[in-house]
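Below you'll find the structure, written out as structure tokens, and then a few comments.
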């Protein structure tokens, strides 16, 4: 006699509305009880009385959990779990559209292998909520464009691939493209339209505006997830011209203007798709469209947590260090996974995996770390460089008015304001309670730069003496 077949347990997951309610309450608690700092996964686990992996499942909204688990999460933040806050989990079919995982069309281009992806649980949950809401759930104003912003090496590219992988079953089309080297806009549009039309539409109009219109037609008629990686490369010249795009870049550089027009129209047009951009800087032309419930969202990536960096290090070998030393190492590089991956190689090869010995050298920035930061620093304006120098000399978080007092009158208040906006957009500085501070790695880089580097386009000694010795 055959034993009865066990039914598959799928459990429940949060709906977009339920996830947003939980995230809002968590954010409010972080602001009032945790000095504005995000709760770590371990801290949430302790507060909720749940295993860290279970907490990750709740926020990821991919794997079903039991309803009591969701109740525990909501009760932690004094919330009541309502019937419309959760739904049955079904890993095979999208409940909104019914796409099976084999019925959609996916084109990964040259997307990297992200099999060694660690952390970013909360960021993934946030992106999934935004993107699914943008695809026809119960959100009044759909999210049509998301920008992942962070300094180089924070993992924007990998996160874009990971979220696209996890949501590929929710869309009819998923396309991932790198903008390195930056293709002309008409070529990119032709590529995207060819894929979205299943190769049927190849005789395209020459006009960029008409091609953008054809792209939007497909974004309206089909549910598409598009990812363009490295969009900041399109605007490299804009960064070199300080931050004031309104008087120069859009008027005199056609390619940049066409990309800006593409992003703006995708953000403004009504459609059921979503475009993800990754960038080291925010795009000021679409900033007016940004907002918590607006069509354009920006997710700023911070560094990874200690546990996630330790998992990354473990793929390279064995490392030795106390908990305090692990914290010091990761804080020195702001949790930047790409930079820390390079540092792990150095620790493994030169110090036999001893974090203790590496930290004793008191050398944070060297070799390839220099190479990755040099181009960004060279493209800053003289006013932005002078602003950084002042912050390094001050050593403590500093307000705008204090910066204004300490800096030379040759740097106007307008230039200082624009410099701070640029540095913040590039994630070089932290802003909290009206005070500005440089990340530890950036402080060490600037110190080392002015001791060991020379720049043909920037007279260090002149700017340094002009701005500070005169004081």
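Residue numbers (our numbering): 93 to 563. Glycine included, C-beta positions come from ideal geometry on N, C-alpha and C. Just so we're clear, the structure is a prediction, and the values are computed from it rather than from any experiment.
Quick check on DSSP: helix, strand or coil for residue i?
i: residue 521; result: strand
i: residue 350; result: helix
i: residue 371; result: strand
i: residue 538; result: helix
i: residue 285; result: helix
i: residue 295; result: coil
i: residue 389; result: strand
i: residue 202; result: coil
i: residue 468; result: helix
i: residue 382; result: strand
i: residue 188; result: With a pLDDT of only 43 at residue 188, under 50, the local geometry of the prediction cannot be trusted, and the value read off the model is given with reservation. Of the three classes helix, strand and coil, the one that applies to residue 188 here is coil, per DSSP.
i: residue 332; result: In this prediction, residue 332 has a pLDDT of 36, which is less than 50 and means its spatial position is unreliable; what the coordinates show is noted afterwards. It is helical.
Considering residue i, what are the terminal residues of the alpha helix (DSSP H) in which it resides?
i: residue 303; result: 300-313
i: residue 496; result: 492-498
Tell me, to the nearest whole angstrom, how far the beta carbon of residue i is from that of residue j; I am working on the premise that it is less than 8 Å.
i: residue 369; j: residue 251; result: Going by Cβ atoms, the distance from residue 369 to residue 251 rounds to 12 Å, so no, they are not a contact pair.
i: residue 267; j: residue 287; result: 6 Å
i: residue 140; j: residue 164; result: 5 Å
i: residue 271; j: residue 304; result: Between residue 304 and residue 271 the Cβ distance is about 16 Å, and since that is not below 8 Å, they are no contact.
i: residue 127; j: residue 213; result: Wrong, their Cβ atoms sit about 22 Å apart, outside the cutoff.
i: residue 181; j: residue 155; result: 7 Å
i: residue 210; j: residue 277; result: Actually they do not touch by this definition, with Cβ atoms about 35 Å apart.
i: residue 480; j: residue 530; result: 7 Å
i: residue 367; j: residue 358; result: 5 Å
i: residue 413; j: residue 435; result: Between residue 435 and residue 413 the Cβ distance is about 12 Å, and since that is not below 8 Å, they are no contact.
i: residue 133; j: residue 147; result: 6 Å
i: residue 253; j: residue 371; result: Contact flag wrong, Cβ pair sits at about 15 Å.
Kindly indicate the opening and closing residues of the beta strand (DSSP E) around residue i.
i: residue 528; result: 527-530
i: residue 485; result: First-last for residue 485: 474-486, but that is the alpha helix (DSSP H), not the beta strand (DSSP E).
i: residue 503; result: Here residue 503 belongs to no beta strand (DSSP E), and DSSP marks it neither H nor E.
i: residue 324; result: Counting along the chain, residue 324 falls outside any beta strand (DSSP E), and DSSP gives it neither H nor E.
i: residue 199; result: 197-199
Quick check on the DSSP output: what are the complete alpha helix (DSSP H) runs of length 4 or more inside the stretch 206-280, in order along the chain?
Considered as a whole, the stretch 206-280 harbours 213-225 and 248-259 as its complete alpha helix (DSSP H) runs of no fewer than 4 residues, in chain order.
Sufficient close CB pairs (3 or more, under 8 Å) joining the stretch 385-398 to the stretch 415-434
Because the criterion of three Cβ pairs below 8 Å is met, the stretch 385-398 and the stretch 415-434 touch.
As an exercise, report each continuous alpha helix (DSSP H) stretch of at least 4 residues that is fully enclosed by the stretch 394-458, in chain order.
Taking only runs of at least 4 residues, the alpha helix (DSSP H) segments lying wholly in the stretch 394-458 are 398-406, 415-424, 429-442 and 447-452.
If we require 3 or more residues per run, which beta strand (DSSP E) segments fall completely within the stretch 96-132?
If you keep only unbroken beta strand (DSSP E) runs of at least 3 residues inside the stretch 96-132, you get 104-106.
Write down every uninterrupted run of the alpha helix (DSSP H) in the stretch 126-181 whose length is 4 residues or greater and which is fully enclosed by it, in chain order.
Those alpha helix (DSSP H) runs which fall completely within the stretch 126-181 and span 4+ residues are 133-140, 144-152 and 159-168.
Does the pairing of the stretch 377-384 with the stretch 515-522 give three or more beta-carbon distances under 8 Å?
Between the stretch 377-384 and the stretch 515-522, the count of Cβ pairs shorter than 8 Å is below three; the stretches do not touch.
Would you call the stretch 281-301 and the stretch 401-408 touching, i.e. three or more CB-CB distances under 8 Å?
As far as the Cβ criterion goes, the stretch 281-301 does not touch the stretch 401-408, which means the pair count is below three.
Three Cβ pairs or more, each shorter than 8 Å: is that satisfied between the stretch 469-477 and the stretch 449-460?
Between the stretch 469-477 and the stretch 449-460, the count of C-beta pairs closer than 8 Å stays below three; the two stretches do not touch.
Cβ pair count under 8 Å reaching 3, the stretch 166-179 against the stretch 105-117:
Two segments are said to touch when three or more pairs of C-beta atoms, one from each, lie closer than 8 Å; by this definition the stretch 166-179 touches the stretch 105-117.
Inspect the CB distances between the stretch 357-366 and the stretch 306-319 and report whether three or more fall short of 8 Å.
Contact holds: three or more Cβ-Cβ distances are below 8 Å.
So, does the stretch 382-393 touch the stretch 489-504, judging by three or more C-beta pairs under 8 Å?
The answer is no - the stretch 489-504 does not touch the stretch 382-393, with fewer than three Cβ pairs under 8 Å.
Below 8 Å, how does it come out for the stretch 252-265 and the stretch 316-325: are there three or more Cβ pairs, yes or no?
Yes, the stretch 252-265 is in contact with the stretch 316-325.
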